[in-house]
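Protein sequence lines, in the order shown, are assigned to chains A and P. Counting in our numbering, the first sequence runs from 2 upward without gaps. Counting in our numbering, the second sequence runs from 3 upward without gaps. We put the beta carbon where it would ideally sit given N, CA and C, even for glycine. Notes follow the structure.
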Amino acid sequence: MVEREGVEMDEFERELREQLQARSAPAGFVDGVMARVPERTRRGTWWSIGNVAPVWRWAVAALLVAGMVAGGVERDRQQRIAGERAREQVLLALQITGSTLRDVQQKISADGRRESGQRDAGRNTRDEAVR
Amino acid sequence: MDLSTQQFRAIVERHQARVFSIAFRILGEAGVAEEVAQDVFLELYRTLPRLESEEHAMAWLRRVACHRATDALRRRAARKDTAAEEYQDGMGLRTRVRDFVPLMNRVEQLLLTLPPAQRTVMLLRYQEDLEAEDIAIELKMPLATVRSHLQRAVQLLRAKAERTLKEFSRG
């Protein structure tokens with residue numbers, strides 16, 4: 002009984018396989034699909050990278066990265082030059098301020114010495130007159 | 003996979019019968035099945051860059067065809083087309099009889115009387131010749147569920163086929 006049922010199952014399964022062979026798609030099916038593939042994607046546009054060979058994709062990516070790195074290095078160099086220029090200007094300004102202060106200091110000292118000399122001379126004249 | 007339009011066309015030519023048959027046998031309507039099958043290929047076109055080989059593409063086509071056809075079946079059931087004639091057979095399954103039935107062979111007609119999950123599993127087993135383990139992987143379904151669907155579906159179909167044969171011989 003079990004064997005008979007097993008044989009029946011096999012025959013039935015064979016029939017299922019035969020009857021369920023893939024059937025042909027309707028005529029014009031492929032053309033229908035291709036007509037619906039978006040025109041822009043099919044032709045490939047200058048910005049689409051879908052049809053570009055992987056080697057070229059990597060080359061373009063490497064160029065972009067190199068450009069970005071070079072741009073970054075150049076920006077750093079320009080910033081450093083600008084910084085050094087600013088530092089030199091500050092130092093020059095400090096030097097000018099320092100020398101001006103020295104001149105002013107010397108002038109004040111010279112004036113002070115002159116005034117005290119005059120005061121001393123006046124006091125001696127008065128003393129002699131009193132005597 | 004990077005493919006030219008010509009290469010994509012060749013893939014459609016090679017797999018059109020498989021995809022259309024899955025959709026037709028799940029849906030039972032040639033027009034809707036053709037539309038669903040075309041949608042599946044257009045989806046494949048967008049997905050191709052992520053697929054590694056044609057074998058991968060074939061497995062993808064099978065899986066997506068099953069899912070999209072089942073989705074279309076659900077949408078149709080939700081619309082509740084009252085124009086369709088319905089009958090309830092001896093196994094307690096409701097079947098919609100439409101003008102597409104004459105286009106189908108006897109097994110295809112019987113297949114339509116199965117619940118969609120059993121129908122899909124049967125197609126992958128007997129049309130696509132996949133083992134239960136592969137069906138479980140493709141449909142992301144437990145292996146025990148696949149085996150139970152297969153066993154039950156074959157029993158149901160056999161009983162229906164025997165009954166049809168008896169009715170035919172009675173005249």
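Span of the alpha helix (DSSP H), counted from its first residue to its last, around residue i
i	result
E75/A	55-131
V38/A	Run containing V38/A: none; DSSP gives neither H nor E here.
Q174/P	The structure shown does not extend to residue 174/P, since chain P is modelled only from 3 through 173, so no value can be given for it.
G33/P	32-49
P118/P	118-124
E140/P	134-141
D73/P	56-81
E130/P	Segment: none, E130/P is in no alpha helix (DSSP H) and carries neither H nor E.
L29/P	7-29
Cβ neighbour criterion (16 or more within 10 Å) applied to residue i
i	result
M124/P	buried
I109/A	exposed
A83/A	exposed
V14/P	buried
I24/P	buried
E135/P	exposed
Q9/P	exposed
I137/P	buried
Q40/P	buried
A63/A	exposed
H17/P	buried
R76/P	exposed
H58/P	exposed
Q153/P	exposed
A155/P	buried
Q120/P	buried
L132/P	buried
T122/P	buried
V99/P	With a pLDDT of only 45 at V99/P, under 50, the local geometry of the prediction cannot be trusted, and the value read off the model is given with reservation. So V99/P counts as exposed.
E130/P	buried
E31/P	buried
Anticipated Cβ contact below 8 Å, residue i with residue j, distance rounded
i	j	result
Q22/A	E110/P	That belief does not hold up - the Cβ atoms of Q22/A and E110/P are roughly 11 Å apart, past 8 Å.
L42/P	A67/P	Residue identity check: residue 42/P is Val in the sequence provided, not Leu. That pair is a contact at about 5 Å.
L112/P	K168/P	That pair is no contact at about 14 Å.
A74/P	L29/P	6 Å
P118/P	T72/P	5 Å
F26/P	F30/A	That pair is no contact at about 12 Å.
R20/P	L63/P	7 Å
L116/P	L158/P	6 Å
R70/P	V38/P	5 Å
L44/P	R37/A	6 Å
E36/P	P39/A	Not really, about 20 Å apart at Cβ, beyond 8 Å.
R160/P	F13/A	5 Å
Among the options, the one whose alpha carbon lies nearest that of residue i
i	options	result
A12/P	E130/P, E56/P, H69/P	E56/P
E140/P	T115/P, L159/P, S6/P, L126/P	L126/P
R18/A	R165/P, Y128/P, R70/P	Y128/P
N107/P	E12/A, D11/A, R24/A	R24/A
M35/A	A32/P, E31/P, R48/P	R48/P
Residue i beta carbon near the ligand FMN (any heavy atom closer than 7 Å)
i	result
A36/A	With respect to the ligand FMN, the structure offers nothing, as it holds no ligand at all.
Closer than 8 Å at the beta carbon, the chain B residues around residue i
i	result
V109/P	The chain labelled as chain B is not found among the protein chains of the depicted structure, namely A and P.
Check distances from the C-beta atoms of the segment 7-25 of chain P to those of chain A and list, in chain order, the residues that come in under 9 Å.
T7, F10, R11, V14, E15, Q18, A19, R20, V21, F22, S23, I24
For the segment 30-57 of chain P, list every residue whose C-beta sits within 8 Å of some C-beta in chain A, in sequence order.
Only those residues of the segment 30-57 of chain P whose C-beta falls short of 8 Å from the nearest C-beta of chain A are listed: A32, E36, A39, Q40, F43, L44, Y47, P51.
Pull out every residue of the segment 8-31 of chain A whose Cβ sits closer than 9 Å to any Cβ of chain P, in chain order.
Flagged, chain order: E9, M10, F13, E14, E16, L17, R18, E19, Q20, L21, Q22, A23, R24, S25, A26, P27, F30, V31.
Please list, in chain order, the residues of the segment 120-134 of chain P that have any C-beta partner in chain A closer than 9 Å.
M124, L125, R127, Y128, Q129, E130, D131
Under 8 Å (Cβ pairs) to chain P, residues found in the segment 62-75 of chain A:
Nothing from the segment 62-75 of chain A brings a Cβ to less than 8 Å from some Cβ of chain P.
Along the segment 138-160 of chain P, where does the CB come closer than 8 Å to a CB of chain A? Name the residues.
V156, L159, R160
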